[in-house]
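In my numbering, the protein residues as written are 535 to 856.
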């Protein structure tokens with residue numbers, strides 16, 4: 535593409551993409567029938583938010599994209615001044631999802647740009663999703679797309695002894711998290727966690743959140759550490775931060791991922807830590823919009839009886855309106 539500066543249209547119809555393959559730089563993006571899927575749609579939404587001001591058309595039809603991911607794409611293209619057409623037909627939105635997508639585009643005064651949704655496949659079969667998740671319960675593998683493969687001790691080749699020791703400490707915390715270890719390893723966790731290691735970073739964050747309690751000292755420690763780690767993970771590019779949030783959503787069971795990832799048991803502490811983080815300055819409106827697309831449509835998954843889900847969604851909605 536660098537050798538073709540006048541390139542205006544890329545048509546890669548009828549392929550299989552996913553997150554890594556769902557990125558392009560052109561006036562027309564045609565990924566119809568390419569199995570972009572929800573993770574790929576989230577990654578593409580990040581690219582659309584970050585640039586491509588002259589984009590005219592987006593075709594993500596028949597890509598097995600679910601409602602929340604489709605809404606993330608729609609939000610990302612809503613402010614493109616040259617946009618002429620958005621095609622999300624043939625995906626897995628369901629009747630309510632199609633209506634939500636139409637409403638979003640209408641509210642952005644772009645309703646006439648949305649292609650027909652007459653061939654929507656309906657919401658994904660919950661039984662199929664559960665069977666797929668059960669197959670993955672006993673294994674948790676890093677996707678090769680995410681970079682270096684982490685060895686059994688949590689380290690990659692070429693690590694210095696001091697870095698290896700810190701990584702070993704992080705691995706120990708992941709295996710058996712406790713408030714005492716969190717207090718001891720707080721600095722090491724913040725230093726070692728990298729957004730490029732998506733699933734490990736998401737796992738570290740969720741392990742920290744699982745230690746939440748109302749005991750004042752513990753609550754303060756957990757909220758501060760959770761916030762420090764999340765701030766680092768969201769400090770990179772829009773694409774990098776969206777990919778991390780995508781991995782977090784997969785681990786929380788709110789987004790179907792591509793690789794084999796063990797789902798976390800979501801507890802109120804996770805949601806309350808996120809609620810606190812959302813209210814901080816480092817948590818941007820685009821990040822809040824992405825999370826809200828998923829959490830507001832996954833009330834059953836996040837049901838805890840503690841009101842934590844409602845508090846998180848209220849905080850996200852407030853940040854989205856700023």
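Idealized CB from N, CA, C, for every residue including glycine.
- The C-beta distance from residue 819 to residue 853 rounds to 6 angstroms, short enough to meet the 8 angstroms contact threshold.
- Pairing residue 728 with residue 849, the inter-Cα distance amounts to about 26 angstroms.
- Going by DSSP, residue 762 is part of the alpha helix (DSSP H) stretching over 750-767.
- Counting the other CB atoms within 10 Å of its CB gives residue 550 a total below 16, which places it among the exposed residues.
- The C-beta distance from residue 739 to residue 760 rounds to 7 angstroms, short enough to meet the 8 angstroms contact threshold.
- Around the Cβ of residue 834, a 10 Å sphere holds fewer than 16 other Cβ atoms; the residue is exposed.
- Assignment of residue 545 by DSSP, reduced to helix, strand and coil, places it in the strand class.
- Non-local beta-carbon contacts of residue 723 in its own chain, meaning distances under 8 angstroms to residues more than five positions away in sequence, involve 704, 707, 716, 738, 742, 759 and 763 in chain order.
- With a contact defined as Cβ atoms closer than 8 angstroms, residue 636 and residue 648 qualify at about 7 angstroms.
- Cβ contact annotation for residue 588 (same chain, cutoff 7 angstroms, sequence separation greater than five): 561 and 616, in chain order.
- Taking 8 angstroms as the cut-off, the beta carbon of residue 602 is found no closer than this to the beta carbon of residue 777.
- Within the same chain, and ignoring the five residues on either side of residue 645 in sequence, the residues whose Cβ sits closer than 8 angstroms to its Cβ are 636 and 639.
- Following the DSSP letters along the chain, one finds residue 591 inside the beta strand (DSSP E) bounded by residues 591-593.
- In this structure, residue 546 places its C-beta atom within 8 angstroms of the C-beta atom of residue 565.
- Around residue 732, the same chain offers 680, 777, 778 and 781 as residues with beta carbons nearer than 7 angstroms, after the five sequence neighbours per side are excluded.
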